[in-house]
Structures are given as structure tokens and as C-alpha cells.
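Position one of the sequence shown corresponds to residue -15 (this note's numbering), numbered consecutively onward.
Note sheet for the following structure.
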Amino acid sequence: MNLRTTAWVIVCCIVMSSYTVSARSNDTSLHPLTHEDLRWLNRVTFGVNSETVERYQQLGRSRFFDEQLRPPADDPPELATDIRALSISQKSAKEALKAARSEQQRIQRLDNPEEQQRARMVLNQQKNKMTYETAKRQLMRNLYSPWQLREQLTWFWMNHFSVFSGKGDVAFMLADYENNAVRLHALGYFRDLVLATLKSPAMLIYLDNAQSAVRKINENYARELMELHTLGVSGGPSGSHYSQQDVQELARVLTGVGIIPSVDQPQFRPVRRPQPVREGAFEFNPNRHDFGTKKILNETIKGTGMDEVEHAVSLLCRQPATARFISMKLATYFVSDNPPRKLVDAMVTTFKQTDGNIAAVLGTMFTSSEFIAILNRPQIEAGKFKDPVQFVVSSLRLAYDSKRIINYRPVVNWLQQLGEPLYGRMTPDGYPLEESAWTSLGQIVKRFEITRAIGNGNARLFDDDDGTPRRTGFPMLASRLFYDTIEPTLSAKTRTALDQATSQQEWNMLLLASPDWMVR
């Protein structure tokens, strides 16, 4: 008996009678989706809700998917208004960094140790607030944006290009990193995405490149740029492993790639004056750059400044190893822990032919016969186990549908308890994508506790921001959406357990804790 089955037995043991919750709607305006439809939607989105299902039925799969691949730049009006109200929306990355540095310098000048300690505590509280608000913004979009594929890709790429909010000043740069580096390019060209993350102060602080200079080279970012972001562990020309020498040469290319200084504009010799680059809080400083000739992956790169940085990124992104590494990772996230080789090969071909067009690669994946064949397998074989973010978000999308959550702290805390806090991965490898990372008995028991809180409606998700509690009833998961869309796909064991629930709250918990719900 595996851990998922064991946990399901534990859940079912709480059922004490054969009372049946009867909440079936007589409204039949929604035509039932097939198993394949529901599973396909659950991969494209963070989980179905009424709006998603209705849009899918209105457009059909092809047009629905085309719409998901080409979302508008802006959030829907109501969501945009809520996001603008967040304090992270009030300052640019440059302004946030300048304010943080100014406060750090003020604290250093304080003579009273106690006053210094209090000031540091306040600054740390500001960091925590910015991290929380960035997480809140991402969760708001995950729950309520109709452009679900973009939000899923934002989460995927934030994990791929992972940064830790607890290091240095990363927290002050986090909102800009997610919004303007990752999300903006999530469905675009992979090279543009890599270059945007390279220019992000959050990444440069996290992987120490902001301090890297011609006579003081730091190799951290260069190594991760090759190993984690582009080529993979064994990438390189003709599939051979790149060398430590390649890492060192790339680190030389990346010298001078950093963030704006605390002091005024530095002075440059006449030959260097055209070469500085400043974009927001990002800076390329030629005074710190190694202008010698480099050789990466057998290609010679002349010392030209920022142009050679972009050249090196293009070189890495156009390697066959990169096409395979990224295609494999996307397929592992969306399709299966062991995606079919033929599917990955087709994605690799599209990646190469389109110069890394992410939307095109996704199009190949989501419309492939191999993917559709997986969706039509029995649930235990077809399902892709939900990571904590997918599990929590999909549960809330079903439980509360379009009802707006106010207090996101319980959600952030749940992800912390489940071992996947947003921006909380200390190492740069990101959270694992495979089922084995999320199926320990402790993980499953914690999911059970969270489903009970959601099902009972006592999670305080609708409390005011000032902490004032609001009385809210429990959610009604036994809805038209459930009966027309989800119920036909459930296993016999899950249906039997639901029929034995003694209350709506218990019914809610049993559904969300079921093995059927644990997979996409």
C-alpha cells in the first residue's frame, strides 16, 4: 500500500455514518466535460472553476488554448485594482532599492545599539511585508486571473530561475523580478526570459554577481546559469559536459553585470563612456568588466562589454542541450514525471525551429497525441501529482470559485507548512517537480488538515486586513460545477466515501483529501 492510499484510508476512517449530502443542482445548462476535457483543463489551469469551464465550453479546446497562449498584457479590471492597492505596486525596483540602502546606511550611523536593533527589526518587517505582498499578488492571479496558463508559467519559471527572498536585499527586488522579468516573458522567447532574469537585481544579489569584477570574479551565477537555467547538468556541444573552464570564462563575461551603486554615477575613461548600461536598478559597469577575449563552448567571444553578455546568453540558449533540458522540464511539470520520449523530442524540435518560442513549445506539448493518450489512461496512471501550490490553489478555486479571498496569510502559511513557501527555497535549484518529493506521510496528513480548514470555512480567509474577523459560512463544494464537471470523473471509492459524509463540511474535506483531487 503506497502513501497516498494509506492517507486515503486514514481520511475514510473518520466517516461514521451513511448520511448522504444531497446538493445536486437541477440546473443542467452546463454540459458535462469528458474525462479528457477535465484533465486537459487541469493541466492548462491551476484547477477548474465556473468561469474556466464556461469559457472552455463556449470556445472549444482549440480556441480556448489559443486564447491562453496570447493573453492581454493587463490583468482584468477588478484584479488590477486590487493589485494596484498593494504597497509593492507603489515603487519601482530602483526606488525600493534606494530606500532600503538609505535606511541601512542610517542604521549603521546610529550610536545606540538598542535603537539600531529596533531599526533593524523594522527593516526586516518591511522585507517580510514585501515578500508577503509579492506572494499575495501571485496567489491572487493564480486564483482569479482568466489567463491561467500565463500564471502557471510564471510559477514554473519563478521556480526554474529561483531566488531566495531571505538573502540580502532580494526581498526589496522580488516584486519587480516576478512581474517584469519573469511574468512579462513567461510565454515569449526563452532567450529574452534568460536575459531579463540576468538583468534582475534580485538574481544578481542572490547569486552574488553584483559583486563580481575583473579582479574579483565570482563564479556562482555563471555556474547556475549553465547548470540550472540553460544547459542542464550534462549540457554542452554534442551533449558533452561543459567544463569548469567554460564556467570560469562565462564568469569573466559576467563581470560588471550588477546593480546601480549607492553613490553617484562613476567616472569613466573616454573610451568607456558609451559602454555603461542602466535599466532601472540594473547596471553594466565597464570599469568592473573583464574586456579580455573568452572562449565558451568552443566559441571565441571578443571583449566588447554588454554586447558580449547578450552574445553569451544567445549562445547558451541556442544549444541543443538547452532545448532538451527546458523541454524535458516543461513536460515533467505539465505531463508526467516520466514524459514520453517522442513527446519531448517533438518539443525539442519546436524549440530549435522557433529559436526558443515558449508558446510554440507548449503548443506542441498540449496538442500532442502522446499527451492526449496519457489523459485518457485510468486516473491512477493519467494523473500528475499536485505540488503544494497546485494543490492549495486548485482547492481554493473550487471551494470559493469567484468569491474573493481577503486574507492570504493562511494560504502563505499552508504553503510554508507543506514545504513549498513562495520564494522560500534557499538553494538555487528550485522545488522538485516529481511526485516523490510531495508524498511523504507527513505531507499527506498536513494536506488533510488544510482540506479540513477549507471545508469547514474556518480558515479566516475573509478576515479584514486589520485582523477583524468576519463570519463566513463553509463553502458548498457540492455545486453545479462539481456535479456537471468533476463527479463523473471520480473513482468508485471516492464516490462511496462522499455518500457516507455526515455533513457538508465533512463532504468538502473528503473530496479535497481524496486521491482523485491530489492529482491533476
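All C-beta atoms, glycine included, are put in the ideal place defined by N, C-alpha and C.
* To do: Rank A437, F145, L399 by C-alpha distance to the C-alpha of H169 and give the top, closest one.
  => As a first step, residue 169 is located in the sequence shown; it is residue number 185 there, counting from the start. Looking at the Cα atoms, F145 is the closest of the given residues.
* To do: Identify, in the order they occur along the chain, each residue of the same chain with its Cβ nearer than 7 Å to the Cβ of V231, setting aside the five sequence neighbours on each side.
  => As a first step, residue 231 must be located in the sequence shown, where it is residue number 247. Taken in chain order, the residues that qualify are E203, A206, R207, M210.
* Using beta-carbon positions only, say whether D58 and S129 come within less than 8 Å of one another. => Residue 58 sits at position 74 when you count from the first residue of the sequence shown. Residue 129 sits at position 145 when you count from the first residue of the sequence shown. Contact: no.
* Meets three-Cβ-pair contact criterion under 8 Å: the region 384 to 393 and the region 354 to 362 -> no
* Short check: CB of A506 to CB of I91, under 8 Å? -> It is not possible to answer for residue 506, since the shown part of the chain is limited to -15 through 504.
* Asked: Alpha carbon to alpha carbon, what distance is there between G347 and E51?
  -> Within the sequence shown, the letter at position 67 stands for residue 51. Within the sequence shown, the letter at position 363 stands for residue 347. Rounded to the nearest angstrom, the two C-alpha atoms are 12 Å apart.
* Asked: Does the region 321 to 336 touch the region 193 to 202, meaning 3 or more C-beta pairs lie closer than 8 Å?
  -> no
* To do: Measure from the alpha carbon of Y173 to the alpha carbon of each residue in A307, F30, E292, P260, then state which is nearest.
  => Counting from 1 along the sequence shown, the entry for residue 173 is found at position 189. Here the closest residue by C-alpha is A307.
* Asked: Which of helix, strand or coil does DSSP assign to N341?
  -> Taking the sequence shown and counting its residues from 1, the one referred to as residue 341 is at position 357. N341 falls in the strand class under three-state DSSP.
* **Straight-line gap, Q259 to M331 (C-alpha atoms, nearest Å)** => Reading the sequence shown from its first residue, position 275 is the one you call residue 259. Reading the sequence shown from its first residue, position 347 is the one you call residue 331. The straight-line gap from Cα to Cα measures roughly 38 Å.
* Which partner residues does V241 have in the DSSP bridge list? -> Within the sequence shown, the letter at position 257 stands for residue 241. In DSSP, V241 forms a bridge with F268.
* **Under the three-state DSSP convention, the category K75 falls into** => If you number the sequence shown from 1, residue 75 lands on position 91. Of the three classes helix, strand and coil, the one that applies to K75 here is coil, per DSSP.
* From D468, A69, T473, residue whose alpha carbon lies closest to that of R121 -> Stepping through the sequence shown from its first residue, residue 121 is reached at position 137. Of D468, A69, T473, the residue nearest in Cα terms is A69.
* Local conformation of V217 per DSSP, three classes -> Sequence index remark: in the sequence shown, residue 217 carries index 233 (1-based). Three-state result, V217: coil.
* Asked: Can you pull the DSSP bridge partners for F49?
  -> Residue mapping note: residue 49 aligns to position 65 of the sequence shown, counting from 1. Residue pairing of F49 in beta bridges, as defined by DSSP: absent, with no partner found.
* Return the Cβ separation of L402 and Q374 in integer angstroms, given the expectation that the two are a contact with Cβ distance under 8 Å. => Residue numbering aside, residue 402 sits at position 418 when the sequence shown is read from its first letter. Residue numbering aside, residue 374 sits at position 390 when the sequence shown is read from its first letter. Their Cβ separation, rounded to whole angstroms, is 11 Å, which puts L402 and Q374 out of contact at 8 Å.
* Asked: Just the Cα atoms here: how many angstroms apart are K505 and N492?
  -> As shown, the chain starts at -15 and ends at 504. That puts residue 505 outside it, with no answer to give.
* Asked: What does a CB cutoff of less than 6 Å around D274 pick up in its chain, not counting 5 residues either side in sequence?
  -> Counted from its first residue, the sequence shown places residue 274 at position 290. Correct list, in chain order: V198, R236, T239.
* For the candidate residues N440, W141, V297, D500, whose alpha-carbon lies nearest to that of E233? -> Position 249 of the sequence shown holds residue 233. Measuring from the Cα of E233, the nearest candidate turns out to be V297.
* Taking all protein chains shown into account, do 16 or more other C-beta atoms lie within 10 angstroms of the C-beta of Q489, making it buried, or fewer, making it exposed? -> Numbered from its first residue, the sequence shown carries residue 489 at position 505. Counting of Cβ neighbours within 10 angstroms places Q489 among the buried residues, the total reaching 16 or more.
* Residue range of the beta strand (DSSP E) that includes K430 -> Taking the sequence shown and counting its residues from 1, the one referred to as residue 430 is at position 446. No beta strand (DSSP E) contains K430, which is instead part of the alpha helix (DSSP H) from 425 to 440.
* Please confirm if the region 465 to 479 is in contact with the region 17 to 27, defined as three or more CB-CB distances below 8 Å between the two stretches. => Short answer: they touch.
* Bounding residues of the alpha helix (DSSP H) (the contiguous stretch that carries V255) -> Within the sequence shown, residue 255 is the residue found at index 271, counting from 1. Element bounds for V255: n/a, residue is neither H nor E.
* Per DSSP, cross-strand counterpart(s) of R454 -> Locating residue 454 in the sequence shown gives position 470, counting from the first residue. DSSP, once it has assigned bridges, lists no residue as partnering R454.
* Asked: Should the region 437 to 454 be regarded as contacting the region 387 to 398, the criterion being three or more beta carbon pairs within less than 8 Å?
  -> yes
* To do: Count the other CB atoms, across all protein chains shown, that sit within 10 Å of the CB of G242; report buried if there are 16 or more and exposed otherwise.
  => If you number the sequence shown from 1, residue 242 lands on position 258. Answer is buried; the Cβ neighbour count reaches 16.
* **Check whether L327 and A315 have beta carbons under 8 Å apart** => Here residue 327 corresponds to residue number 343 of the sequence shown, with the count starting at 1. Here residue 315 corresponds to residue number 331 of the sequence shown, with the count starting at 1. Going by C-beta atoms, L327 is nearer than 8 Å to A315.
* According to DSSP, what are the bridge partners of A159? -> Within the sequence shown, the letter at position 175 stands for residue 159. Its beta-bridge partners do not exist; DSSP assigns none.
* Asked: Should L465 and I342 be called a contact, given that it needs their Cβ atoms to be closer than 8 Å?
  -> Your numbering for residue 465 matches position 481 in the sequence shown. Your numbering for residue 342 matches position 358 in the sequence shown. Contact flag unset, no.
* Own chain residues within Cβ distance below 7 Å of M0, not counting five before or after -> Residue mapping note: residue 0 aligns to position 16 of the sequence shown, counting from 1. Reliability fails at M0, whose pLDDT of 32 lies under 50, so the model's placement of it is uncertain and no value is given.
* Taking the alpha carbon of G408 as the point to measure from, which residue in Q74, S149, V32, F355 has its own alpha carbon closest? -> Counting from one through the sequence shown, the residue named residue 408 turns up at place 424. Out of Q74, S149, V32, F355, S149 has the C-alpha closest to the C-alpha of G408.
* To do: Work out the CA separation of S71 and A77 for me, nearest whole Å.
  => If you number the sequence shown from 1, residue 77 lands on position 93. If you number the sequence shown from 1, residue 71 lands on position 87. Cα-Cα distance, rounded: 12 Å.
* Whole-number beta carbon distance between A265 and L81, since they are thought to touch under 8 Å -> The residue given as residue 81 occupies position 97 in the sequence shown. The residue given as residue 265 occupies position 281 in the sequence shown. The Cβ separation is near 5 Å, so the contact holds.
* Buried or exposed: which applies to G44, given that a residue is buried once 16 or more other Cβ atoms fall within 10 Å of its Cβ? -> As a position in the sequence shown, residue 44 is number 60, starting the count at 1. So G44 ends up on the exposed side.
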